[in-house]
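J.: Here the sequence shown is numbered in this note's numbering, starting from 277 and rising by one per residue. We treat Cβ as the ideally placed atom computed from N, Cα and C, and that holds for glycine.
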Amino acid sequence: MPDISKNSNTDVETKVNLPEEEVFIFPASFAQQRLWFFDQLIPGTAAYNVPTVIRLTGTLNLTALERTLNEIVRRHEVLRTAFVIVEGQPFQAIAPSLSVSVPVLDLQQLPATEREAEAKRLIKAECERPFNLSQGPLLRVTLLRLDESEHILLLNMHHIVADDWSIGVLIRELGIFYTAFAENRPALMPALPLQYADFAEWQREWLQGEVLETQLAYWRQQLAGIEVLNLPVDRPRPATQTYRGSTQYLEISQELSEALEKLSQREEVTLFMTLLAAFQTLIYRHTYQEDIAIGSPIANRNRSEIEKLIGFFINTLVLRTDLSGNPTFRELLARVREVTLGAYAHQDLPFEKLVEELQPERNLSRHPLFQVVFALQNSPMEGLQLPELAVSSVNIETQTTRFDLELHLWKSSSDFRSIYGEQWQNSEGFRGIVVYNTDLFDHATITRMLEHFKILLKKIIANPEQRIGDLSILSEVEQHQILVEFNSNFLSVHNFTSKIKGTIPQLFEAQVEQNLDKIALSFEEEKLTYRELNIRSNKLAHYLKKLGVGSEVVTGICLEPSAGLIVAMLGILKAGGAYLPLDPSYPRERLSFMLEDAQVSLVITHSLLDIDYGKTKVVCLDKDEEVINRESEKNLKNSTNEENLAYVIYTSGSTGKPKGVAIPHKAVVRTFLNPNYIKIEPADKIAQVSNTSFDAAAFEIWGALLHGAQLVIINRNVILSPEDFTAQLRTDNISVLFLTTALVNQMASVIPQAFNKLRYLLFGGESADPKWVQEVLKKGAPEQLIHLYGPTENTTFSSFYCVQDIPESTTSIPIGRPVTDTQIYLLDQQLQPAPIGIAGELYISGERLARGYLNRPDLTADRFIPNPFFEEGERGKSSLNASSRLYKTGDLARYLPDGNIEFLGRIDEQVKIRGFRVELGEIEAILSQHPAIQQTVVIAIEDISANKRIVAYIVPSNSSFISHPSSLLSTLRQFLAEKLPEYMVPSAFVVLESLPLTPNGKIDRRRLPVIDIVQNINENYVAPSTAAEEVLAGIWAEILGLKQVSIHDNFFELGGHSLLATQLVSRVRDSFGVELPLRNLFEAPTVAHLAKYIETICWAAKGLDTTQSAINEREEIEF
277 MPDISKNSNT DVETKVNLPE EEVFIFPASF AQQRLWFFDQ LIPGTAAYNV PTVIRLTGTL
337 NLTALERTLN EIVRRHEVLR TAFVIVEGQP FQAIAPSLSV SVPVLDLQQL PATEREAEAK
397 RLIKAECERP FNLSQGPLLR VTLLRLDESE HILLLNMHHI VADDWSIGVL IRELGIFYTA
457 FAENRPALMP ALPLQYADFA EWQREWLQGE VLETQLAYWR QQLAGIEVLN LPVDRPRPAT
517 QTYRGSTQYL EISQELSEAL EKLSQREEVT LFMTLLAAFQ TLIYRHTYQE DIAIGSPIAN
577 RNRSEIEKLI GFFINTLVLR TDLSGNPTFR ELLARVREVT LGAYAHQDLP FEKLVEELQP
637 ERNLSRHPLF QVVFALQNSP MEGLQLPELA VSSVNIETQT TRFDLELHLW KSSSDFRSIY
697 GEQWQNSEGF RGIVVYNTDL FDHATITRML EHFKILLKKI IANPEQRIGD LSILSEVEQH
757 QILVEFNSNF LSVHNFTSKI KGTIPQLFEA QVEQNLDKIA LSFEEEKLTY RELNIRSNKL
817 AHYLKKLGVG SEVVTGICLE PSAGLIVAML GILKAGGAYL PLDPSYPRER LSFMLEDAQV
877 SLVITHSLLD IDYGKTKVVC LDKDEEVINR ESEKNLKNST NEENLAYVIY TSGSTGKPKG
937 VAIPHKAVVR TFLNPNYIKI EPADKIAQVS NTSFDAAAFE IWGALLHGAQ LVIINRNVIL
997 SPEDFTAQLR TDNISVLFLT TALVNQMASV IPQAFNKLRY LLFGGESADP KWVQEVLKKG
1057 APEQLIHLYG PTENTTFSSF YCVQDIPEST TSIPIGRPVT DTQIYLLDQQ LQPAPIGIAG
1117 ELYISGERLA RGYLNRPDLT ADRFIPNPFF EEGERGKSSL NASSRLYKTG DLARYLPDGN
1177 IEFLGRIDEQ VKIRGFRVEL GEIEAILSQH PAIQQTVVIA IEDISANKRI VAYIVPSNSS
1237 FISHPSSLLS TLRQFLAEKL PEYMVPSAFV VLESLPLTPN GKIDRRRLPV IDIVQNINEN
1297 YVAPSTAAEE VLAGIWAEIL GLKQVSIHDN FFELGGHSLL ATQLVSRVRD SFGVELPLRN
1357 LFEAPTVAHL AKYIETICWA AKGLDTTQSA INEREEIEF
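1) Compare the Cα-Cα distances from glycine 334 to each of Asp1280, Arg606, Val903 and Ala666 and report the closest residue.
2) Hey, how far is the Cα of alanine 1057 from the Cα of proline 514?
3) Do proline 837 and threonine 968 count as a contact pair if the criterion is CB distance below 9 Å?
4) What is the rounded straight-line gap between the Cα of alanine 1074 and the Cα of glutamate 1042?
5) Looking only at C-alpha atoms, which of Arg1225, Lys1224, Leu1196 and Glu1218 sits nearest to threonine 1212?
6) Do you know offhand how far leucine 450's Cα is from proline 372's?
7) Check tyrosine 494 in the structure and name its three-state DSSP category.
8) Identify the residues that DSSP records as bridge partners of proline 366: which are they?
9) Are the beta-carbon atoms belonging to valine 594 and leucine 547 less than 9 Å from one another?
10) What did DSSP end up calling serine 522 once you bin it into helix, strand or coil?
11) Identify every residue that forms a DSSP beta bridge with threonine 333.
12) Below 6 Å CB to CB, which residues in the same chain sit around arginine 416 once its five sequence neighbours on both sides are set aside?
13) Determine the DSSP secondary structure at cysteine 1078, reduced to helix, strand or coil.
14) Please go through the region 1016-1085 and give each complete beta strand (DSSP E) segment of 3 or more residues, from N-terminal end onward.
15) CB leucine 716 to CB aspartate 680, shorter than 9 Å?
16) Taking a contact to mean a Cβ-Cβ separation below 9 Å, would you say proline 1090 touches glutamate 1178 in this structure?
17) When you compare the region 732-742 with the region 604-618, are there three or more beta-carbon pairs, one atom per stretch, that lie closer than 8 Å?
18) What do you get for proline 781, buried or exposed, if any count of 16 or more other CB atoms within 10 angstroms of its CB means buried?
19) Whether or not the region 436-447 and the region 380-397 are in contact is what I'm after, with contact meaning three or more pairs of Cβ atoms, one per stretch, closer than 8 Å; do they touch?
20) Nearest to alanine 973 by alpha carbon, out of Gln964, Gln986 and Leu981?
21) Quick one: what's got a C-beta closer than 7 Å to glutamate 353's C-beta in the same chain, skipping five residues either side?
22) State the DSSP-derived secondary structure class of valine 612, mapped to helix, strand or coil.
23) For aspartate 1045, count neighbouring C-beta atoms within 10 Å of its own C-beta (all shown protein chains included) and say buried if the count is 16 or more, exposed if not.
24) Looking at the unbroken beta strand (DSSP E) that takes in tyrosine 1163, where does it start and where does it end?
25) In angstroms with no decimal places, state the Cα-to-Cα distance between isoleucine 318 and phenylalanine 975.
26) Taking C-alpha atoms, which residue in Val1350, Val329, Val825 and Val1341 lies nearest to leucine 1357?
27) Going by DSSP, what residues sit across from leucine 1273 in a beta bridge?
28) Which stretch, first to last residue, makes up the alpha helix (DSSP H) that contains lysine 961?
29) Assign lysine 933 to one of three DSSP states: helix, strand, or coil.
30) Distance cutoff 9 Å, beta carbons only. Does glycine 890 sit that close to anything in chain B?
31) Is threonine 773 buried or exposed, if buried means 16 or more other CB atoms sit within 10 Å of its CB?
32) Would alanine 1264 and valine 1227 be called neighbours here (beta carbons separated by less than 9 Å)?
33) When you compare the CB positions of glutamate 761 and glycine 1175, do they come within less than 9 Å of one another, or not?
34) In chain order, which continuous runs of the alpha helix (DSSP H) of length 4 or greater are located wholly inside the region 938-1012?
35) Quick one: grab the DSSP three-state call for cysteine 403.
36) DSSP on alanine 1228, reduced to helix/strand/coil?
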């Protein structure tokens, strides 16, 4: 590497005159260029302020302090630097001299008890005050006087002129010069051999040609296909990254620190590598991502000439580690060692050049290439010794952050800020700070993360041979909270419900004895008392018994909703058999499959349905009525127990073949008799609106008949009409109603007050839209609104949430806590409990699990697995762990801090868009917030290049948009662009009159209309149609080196990057005479969008309305 030659200011050819002084112009360094660009993109931010706060106790010599600071500014040109723009690029403008005064803010006039608080307020205000890079100096000094012997010195620099190492240089020189001047003697400090501007110029000369290409080749290979890190956040990520931050403190004990150092020595790695591997393990355990890239700053002072300079030398390395295969920690250390050594061998490439070369997906919501930073500080930070003064550092509560999360560690005994700092408990070991984005994370979330990190370090020391996925990160307190406290609903009712014994017929007959002449069910004009229902079902049961129906025999029921359907269910159960609902509207092929798969030998039906059941024996309730009526009306002798099969429900399968879920009597009784999510009274009238092939129908039917309530069967045609449905709810005095989420949304959009007479409205089946639930709460709230979740495999319902209030910003409604006799576990891939706030797969245990899948032992074994928390004997019976099985749902969820569960979607519904992992449900939630949207479904499909594209299917609130959707779609794109990153905005929208529903009332994604994605996203060339578009397209083509540019092409997808973006802004200024904020280009990176913005500005400047430009779009416009 060549020497850095000294450049005298007198050799600089370019000089410019700024107001009242002459300055010298040097190129900005690559790092400075990036920060200048950031300042243009997000003006007025304090995210890159570098404050240092020092408490001075004793006799302060203010004259000596002021001389000291002026001498430091004289020695370091960079502290006399501002920035000017030359041909769209930033240059350093260095003033030959600069006088620094020290303003003193005297707080002595305040009461002594108020001074510290006021000092903290002033420090915070100064730290959050942005710098103007075009006006130096980029160093501000403030002195707070609390009394004659107590001062606080605040030094604030912009990162563009100083880094962490620079603070050490500043502290060292502050001590030397102040001591000399206070003692009235000269300071013996050798002159600096060169200045920061020399380094910047040398760096640009050296980093080109073969040197540059060698560095780039490594990083291209190392970072190819890099993934975005998706940390679990407490709030949706804003469309534009915010920089509001906060700080928490971390201490690692001396004992643990020494153990980590010994482990590093044994494994022949540095302590940095060990701590980095541990931190990446923590990130892996929080995200489950195996490809993790973390930014790590390095001092970049590998030459002695620059060690004593103040300046922005720091570079950031992207340390990308492969954590796949669940390696042991020792194996991971070897991978991290290789990655770190490779990165350090190629550390000379500035991060700015790396971004320019790789051109990662650009959006304003995230930092490019990495979003998390890890640093083990090794910057020299000597103790500050000043005569007649006791010196200590004041910890600063950082209010800004440039990333999602930053972890900075340092050795306690080697850092000025630690030796003299505040808020620390231990004098040895490691200390650190975590800086985090408060728009993403809550304070409690970061506190838990730090606790996980400390536990993880201890587990690593205890057994470095353990696999990283098996290392525990939970404290005993958090584990008890997750496994026991959050399942407390089970404990509160277990003792009662576990005593409930019997089969469905036995419990129904008990209700018959108590309610002989009470109405049991009604359908239109037909009503049956409990006595009549029991008699009819007894007769059918005796008849079925003669036909071979008995224990474990599956019998089909293919009937429209009617009283006869309920009689058939009871008849089969009383005969000892299990019923299989068959929807008459199902395709004949599906019905045939279900009959064959369940080995059904008999079907109960009605002759009017005219369905061919093949060789299966048929009982027609109408044709065979006479023979059935000859049978006995007495109750049958019970021939089953609670472990016997009660019914089979078929659900869709991933192979395309439905699978039969086998539910025993015990599960039905534990689910619907005296549950904790609802208190059903004999006076209740429960509507039956669910298709009997949908397991919610079991709640409606047995919830009513096992409590002595009335079941009111509602005609399907009535359900499809919100007006008719509302009228029948009122006429029949319905008190309990279950609806699928899709039907609730539909009703709420038309008649939200439909539910205001209900005692209970229960809903579930898919993710709930907060907008429509809010509408129900505002205009038609029932006494209780219950959100339910549960797969068929756990007998209908598994968790519930009482909805009482929904904040406007809510994007999802929790699924709550476990229902009676159910335990829910959110587990990672190693079946360890996921921490609070961290996604895990939802597993269910308890007495209500299905047996499994009918005649599918392989699938049953795959989905119903051994319970790792199972405890045998009396201990298990009195605890949460009485069930030996877990059901693996395939759903993702996480615990909220209050113990409620938030549903996150299906594991197989996560998609990756241009390298970003995307939850389609998040897009649906945001889109649903727009008042013009009634319902929406978002899916991902592949285009002709096999790239995933997002498509939104929408049902507008106003039907006029169906035939004329263009204005709505434009509005929606703008709405989403303000709330979501660009890659999450759908490529295409499809406007529908209604969304297709399954027979069970859920949205049927398979029946959404297929679209031509290429045609919809309009990828073909579109020529400019206005003068502004024509000029802009020409500028783009010239800057990007292209022949032509479509007005809808994305600047960054065409190869644009930050440096070219600043050139574009400069050219726009020259061509149109308007100032285009750099941010606008990132938010709307197309010719069409920018042209509209420019036209608006220009017409406004003329005092004209923008609509005038449409009068003659091709007419020449003066700008």
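T.: On the basis of the data shown:
1) Nearest C-alpha to glycine 334: Ala666.
2) If you draw a straight line from the Cα of alanine 1057 to the Cα of proline 514, it comes to about 32 Å.
3) yes
4) Per the sequence presented here, residue 1074 reads as serine, with alanine not at that position. Annotation: serine 1074 to glutamate 1042 spans about 13 Å, alpha carbon to alpha carbon.
5) Taking threonine 1212 as reference, the option from Arg1225, Lys1224, Leu1196 and Glu1218 with the minimal CA-CA separation is Leu1196.
6) 21 Å
7) helix
8) Ile361
9) no
10) Correct three-state label for serine 522: strand.
11) Per DSSP, the beta-bridge partners of threonine 333 are Glu426 and Ala666.
12) Asn432
13) strand
14) Listed in chain order, the complete beta strand (DSSP E) runs (minimum 3 residues) inside the region 1016-1085 are 1036-1040, 1060-1065 and 1075-1078.
15) yes
16) yes
17) yes
18) Looking at its Cβ environment, which holds 16 or more other Cβ atoms inside 10 Å, proline 781 is buried.
19) Taking a cut-off of 8 Å on C-beta distances, the region 380-397 does not touch the region 436-447, as fewer than three cross pairs fall below it.
20) Gln964
21) So the qualifying residues of the chain are Ile370, Gln471, Tyr472 and Ala473.
22) Of the three classes helix, strand and coil, the one that applies to valine 612 here is helix, per DSSP.
23) buried
24) 1161-1171
25) 55 Å
26) Val1341
27) For leucine 1273, which the question treats as bridged, DSSP gives the partners Ile1279.
28) DSSP places lysine 961 in no alpha helix (DSSP H) but in the uninterrupted beta strand (DSSP E) bounded by 961-964.
29) coil
30) Protein chains in the displayed structure number just one, and chain B is not present.
31) Only weak support exists for where threonine 773 lies, its pLDDT of 48 falling under 50; the value from the coordinates is given anyway. Threonine 773 should be labelled buried.
32) yes
33) yes
34) Every alpha helix (DSSP H) of 4 residues or more that sits fully in the region 938-1012 is shown, in chain order, as 941-948, 972-981, 992-995 and 998-1007.
35) Helix at cysteine 403.
36) strand
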